[in-house]
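J.: Handing you a structure now.
This is the structure:
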């Protein structure tokens, strides 16, 4: 429960149709297993206490009494479990029968939630036996307890702010106005769905999309528990398709199996996203009934997968699709800017490094979109004191393979003259030594652009903007910055994608891109040592894969430092020890706050992903904000 994580599960017990005693035993056994695994919220299938496929047996008093007795057995067997569970069963009230979810906690029935939408088409005949949920308060005695019967109820957890549970049943989700909409607007952050959805060819994918889509639409966790083994196969097959989703993301899934499907829902993350989204409607005046419960505070062990590279999709096919789309979006942004400004050329400073490589790849796509020749790209390589033969040769080769017009302008003499003018020693390799080269390169690019009526394409990426790893009014400045919302880990993946994509079409281009990928990231502002790069960025500011991870969770999701650290340990536990993660996390916060002034005056550039630091777009922050509170939270955590 610490850091907003609550362990949830969808469970499918093995049942026997109409054998309520057997089914009750299977259900409380599964509840005990869930408790052992640390599950605190559990959904079980629709009508699992009797079986969904009982047919006209639902009209038999014997079955209905058996269901009530079975629930009483479950209440007694689980009264010591610190677990909220929803169990499906038929409930008789005032000469009507309801398809209900009994919401249980520590031997108490918190409420009975009836199904709202009863399917009566195709293979479904529920209106033959059941009454849909209706309005009004209904209190009656069930299993020896005074129980509320109604679909308009939510269950807030008093010991965990942010956790509020709502319940709907199977077809409710498939309806045009699911009950979960009102429940979420009233505050429910986790929706449980008790289902008995039979399996058909292609239905699983539709069901998966439906669950994930609803969790995204409602910004909630969604736990879908489906009937499985033991249901009658007279006409249908049920496969126990269980799903746990969170805000559109699939956290866990199982098919063709009984047992538990377990993951953790982050209710803090959901709460933040609902506050951020001005279009999420919160209905504080809702007439929904609240039935509180409490769980013992504990630390939830994380089992959910945390992608160490959150900006890079892990699925190969999805990643390739995203790569194409990102490059196209950035190219379309540049195309519009060039057409609007009447630019005769696109000027790119080509260093032989990753960022400028991606920038010219995007620029080449923009040129094709405008039906302009590749020679309208002016690739300028500007060797100086730290330039190595490797990066210089790669820059030249890349420009040639793309058909760009190449200009080689050695800035060494100009920088030496500048040093002489300001009294800077060539032996003093301080920040002035480094930044003078970066600013001279920017001046050259701007002036070349003026000569040809062109536009300077920026090469700096999102990770560098977050860390302030750019020379103010040097590489920090351009006329349009195509990489501005692309973090370094994604820059690497995009270049790698193009290298693989071009392997057969242009082997030489693929080869040079591969060598650029293998080159250490460096601004090359310090003299080379025996022809090798002397200045390696990640040795100075830390691994970009860590900083991109910090950026995603600290800025996109506004997680506090302790939570960012916990997730980073979970994602990188086998790669970096805790002390190393903590060291670079402190560096991230110090640099992020101290370097905001560079982000406050960024050139234009397209947003292509979920995070942008543009002062005109996603990020508003005073340049003199202080990082003390964030750094203080990390004190004593070694």
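Numbering (the working numbering), first residue to last: 9 to 646. Glycine is no exception: its CB is placed at the ideal position from the N, C-alpha and C atoms. Note that the structure is predicted; figures quoted are calculated from it, not measured.
1. Which ranges would you report for the beta strand (DSSP E) in the region 393-442 if only whole runs of at least 3 residues count?
2. Measure how close the beta-carbons of residue 8 and residue 606 come, nearest whole angstrom, since I'm counting them as under 8 Å.
3. Helix or strand or just coil, what does DSSP make of residue 298?
4. Do you know offhand how far residue 630's Cα is from residue 602's?
5. Would you check if the distance between the CB atom of residue 366 and the CB atom of residue 517 is smaller than 8 Å?
6. Using the C-alpha atoms, what's the distance from residue 597 back to residue 554?
7. Identify the continuous alpha helix (DSSP H) that holds residue 391 and give its terminal residues.
8. Does the pairing of the region 284-302 with the region 541-556 give three or more beta-carbon distances under 8 Å?
9. Considering only their Cβ atoms, is the gap separating residue 451 from residue 423 smaller than 8 Å?
10. Mind reading off the beta-carbon distance from residue 266 to residue 21? Whole number of angstroms is fine, and I expect it under 8 Å.
11. Apart from the five residues on each side of it in sequence, which residues of its chain come closer than 7 Å, Cβ to Cβ, to residue 319?
12. Comparing C-alpha positions only, which one of 468, 531, 309 and 97 sits nearest to residue 399?
13. With distances taken between CB atoms, is the gap from residue 558 to residue 593 smaller than 8 Å?
14. Exposed or buried, residue 430, counting other C-beta atoms within 10 Å across all chains shown (16 or more means buried)?
15. Considering only the beta carbon of each residue, do residue 134 and residue 244 sit closer than 8 Å?
16. With residue 488 and residue 391 assumed to form a contact (beta carbons below 8 Å), what rounded beta-carbon distance in angstroms separates them?
17. At a cut of 8 Å, does the region 348-360 reach the region 308-318 through at least three beta carbon pairs?
18. So, with DSSP's three-state summary, where would you put residue 245?
19. Could you give the uninterrupted runs of the beta strand (DSSP E) lying entirely in the region 105-148, keeping only those of 3 residues or more?
20. Name the two residues that bound the continuous alpha helix (DSSP H) containing residue 556.
21. Run the CB neighbour count on residue 447, radius 10 Å, all protein chains shown included, and call it buried at 16 or more, exposed below.
22. Would you mind sorting residue 442 into buried or exposed? The rule is 16 or more other CB atoms within 10 Å of its CB.
23. I want to know whether the region 288-307 touches the region 319-334 - three or more CB-CB distances under 8 Å.
24. Quick one: give me the first and last residue of the beta strand (DSSP E) that residue 626 is part of.
25. Taking the Cβ atom as the reference point for each residue, do residue 465 and residue 354 lie within a distance shorter than 8 Å?
26. Take the Cβ of residue 343 as the centre, count every other Cβ of all protein chains shown within 10 Å, and call the residue buried at 16 or more, exposed below.
27. Does residue 58 come out as helix, strand or coil in the three-state DSSP assignment?
28. Can you check which of these residues, 115, 640 and 298, is closest to residue 156 by C-alpha distance?
29. Between residue 369 and the rest of its own chain, which residues show a CB-CB distance below 6 Å, the 5 nearest in sequence each way excluded?
30. Between the region 12-31 and the region 48-59, are three or more C-beta pairs nearer than 8 Å?
31. If residue 199 and residue 188 are in contact, beta carbons under 8 Å, what's the gap, nearest whole angstrom?
32. What residues in its chain sit with their C-beta under 6 Å from that of residue 264, if we drop five residues either side in the sequence?
33. Contact check, residue 191 vs residue 296 under 8 Å by CB: the rounded distance?
34. Just tell me which of 409, 475, 274 and 111 has its CA closest to the CA of residue 604.
35. Terminal residues of the continuous alpha helix (DSSP H) containing residue 578?
36. Which one of 449, 522 and 275 has the shortest CA to CA distance from residue 359?
T.: Quick answer:
1. 413-416
2. Any answer about residue 8 is impossible in this case: the structure gives the chain only from 9 up to 646.
3. Taking the chain shown and counting its residues from 1, one reaches residue 298 at position 290. Of the three classes helix, strand and coil, the one that applies to residue 298 here is strand, per DSSP.
4. Here residue 630 is taken as the residue at index 622 of the chain shown, counted from 1. Here residue 602 is taken as the residue at index 594 of the chain shown, counted from 1. Rounded to the nearest angstrom, the two C-alpha atoms are 10 Å apart.
5. By 1-based counting over the chain shown, the position of residue 366 is 358. By 1-based counting over the chain shown, the position of residue 517 is 509. No, the pair does not count as a contact, with Cβ atoms beyond the cut-off.
6. For the purposes of this step, residue 554 is identified with residue 546 of the chain shown, where counting begins at 1. For the purposes of this step, residue 597 is identified with residue 589 of the chain shown, where counting begins at 1. Going by the C-alpha atoms only, they are around 12 Å apart.
7. Mapped onto the chain shown, residue 391 falls at position 383. That residue, residue 391, is in no alpha helix (DSSP H); it is neither H nor E in DSSP.
8. no
9. Mapped onto the chain shown, residue 423 falls at position 415. Mapped onto the chain shown, residue 451 falls at position 443. Their beta carbons are not under 8 Å apart, which means residue 423 does not touch residue 451 by this criterion.
10. Against the chain shown, residue 266 aligns to sequence position 258. Against the chain shown, residue 21 aligns to sequence position 13. The pair is a contact, with the Cβ atoms about 6 Å apart (cut-off 8 Å).
11. Within the chain shown, the letter at position 311 stands for residue 319. Excluding sequence neighbours, residue 319 sits near 495, 497, 498, 556, 560 and 617.
12. Position 391 of the chain shown, counted from the first residue, corresponds to residue 399. Closest option to residue 399, Cα to Cα, is 531.
13. The residue you call residue 558 lines up with position 550 of the chain shown. The residue you call residue 593 lines up with position 585 of the chain shown. Contact flag set, yes.
14. Looking up residue 430 in the chain shown gives position 422. The residue is exposed, with fewer than 16 neighbouring Cβ atoms inside 10 Å.
15. Along the chain shown, one-based indexing puts residue 134 at 126. Along the chain shown, one-based indexing puts residue 244 at 236. Cβ atoms of residue 134 and residue 244: not closer than 8 Å.
16. Counting from one through the chain shown, the residue named residue 488 turns up at place 480. Counting from one through the chain shown, the residue named residue 391 turns up at place 383. That belief does not hold up - the Cβ atoms of residue 488 and residue 391 are roughly 25 Å apart, past 8 Å.
17. no
18. Reading the chain shown from its first residue, position 237 is the one you call residue 245. Coil at residue 245, not helix or strand.
19. 116-122
20. The count along the chain shown starts at 1 and reaches residue 556 at position 548. Taken as a continuous stretch (DSSP letters only), the alpha helix (DSSP H) holding residue 556 covers 552-559.
21. Here residue 447 is taken as the residue at index 439 of the chain shown, counted from 1. Buried, since its Cβ has 16 or more Cβ neighbours within 10 Å.
22. What you label residue 442 is simply residue 434 of the chain shown in a count that begins at 1. Label assigned to residue 442: buried.
23. no
24. Mapped onto the chain shown, residue 626 falls at position 618. Taken as a continuous stretch (DSSP letters only), residue 626 belongs to no beta strand (DSSP E), as it is neither H nor E.
25. The sequence position of residue 465 within the chain shown is 457, counting from 1. The sequence position of residue 354 within the chain shown is 346, counting from 1. Yes, the Cβ-Cβ distance between residue 465 and residue 354 is below 8 Å.
26. Mapped onto the chain shown, residue 343 falls at position 335. Classification for residue 343: buried.
27. Residue 58 sits at position 50 when you count from the first residue of the chain shown. Correct three-state label for residue 58: coil.
28. Locating residue 156 in the chain shown gives position 148, where the first residue counts as 1. Considering only alpha carbons, the answer is 298.
29. Counting from 1 along the chain shown, the entry for residue 369 is found at position 361. The residues are 506.
30. yes
31. As a working note, residue 199 is residue 191 in the chain shown. As a working note, residue 188 is residue 180 in the chain shown. With a Cβ gap of about 5 Å, residue 199 and residue 188 count as contacting.
32. Counting from 1 along the chain shown, the entry for residue 264 is found at position 256. Around residue 264: 247.
33. Numbered from 1 along the chain shown, position 183 holds the residue referred to as residue 191. Numbered from 1 along the chain shown, position 288 holds the residue referred to as residue 296. Indeed they touch by this definition, with Cβ atoms about 7 Å apart.
34. For this step, residue 604 is matched to residue 596 along the chain shown. When only C-alpha atoms are compared, the closest one is 475.
35. Translated into the one-based positions of the chain shown, residue 578 becomes position 570. Residues 569-580.
36. To locate residue 359, count along the chain shown from 1; it is residue 351. Of 449, 522 and 275, the residue nearest in Cα terms is 449.
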